[in-house]
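Visitor: One structure, as structure tokens, below. Some questions next.
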């Protein structure tokens, strides 16, 4: 019998701890979405709460063989008139975040064809924005200070909606496997993100939790399951 990984953060005046409980006997079962190059295949996620955000942590786990001079949409949250929150792989290999306007760009190593763990943190108060790739963080940027992500939109994987749920382009589509999308309405400590990058599954995300989120595939999306690696329960002092 197995239990999927749970993550608990407890804070006192001087210490924050993170405890992970992970699967045994073959690991946890993960949902996998396979998408191919089309202008019609996508996955819609239903958030646990509206995306009215003045801070967030967004973590994606995926594998893709796309490379070279090609845009790849990694995550899209679109309201009726705005690209509220988009994450891209740019044609030059940089990763980018767009919050209803010009983007913030991050020089990162080329994403490999095996599993990648990409996280973004952003907070409105300071504008501090940080990209993490496989547990390693970029230099932070100051971006969209004072901004707020607005509710009322749709979360889409696999396509970039140039209008509300429409006008997709195959040349921008995601091609590969997605097996983790998790979002919190606050900034996780960097040590927590580093620890999450070592596992195949993580939960207790309060906006999007891949373990429980409602997934609506459209088009030729193939859904299947796989087992994660075994991880041992541990407790870590973060600071």
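Residue numbers (mature numbering (1 follows the signal peptide of the UniProt record, and there is no 0)): -17 to -1, 1 to 222. By construction, the Cβ of each residue, glycine as well, lies at the ideal position given by its N, Cα and C atoms.
1. Per DSSP, which one or two residues make a beta bridge with residue 199?
2. Kindly identify the DSSP beta-bridge partner or partners of residue 208.
3. Using a 10 Å radius around the Cβ and a threshold of 16 neighbouring Cβ atoms, would you call residue 95 buried or exposed?
4. Would you say residue 143 and residue 155 are within 8 Å of each other, going by their C-beta atoms?
5. Can you check which of these residues, 25, 14 and 13, is closest to residue 157 by C-alpha distance?
6. What would DSSP say about residue 6, mapped onto helix, strand or coil?
7. Nearest CA to the CA of residue 168: which residue from 197, 21 and 132?
8. Among 129, 106 and 192, which one has its Cα closest to the Cα of residue 44?
9. I'd like the list of long-range same chain contacts for residue 52, defined as Cβ closer than 8 Å, with 5 residues on each side in sequence excluded.
Guide: With the given structure in hand:
1. 27
2. 14
3. exposed
4. yes
5. 25
6. Residue placement at residue 6 is poorly supported in this model, since its pLDDT is 42, which falls under 50; the coordinates still yield a value, given next. Correct three-state label for residue 6: coil.
7. 132
8. 192
9. 74 and 75
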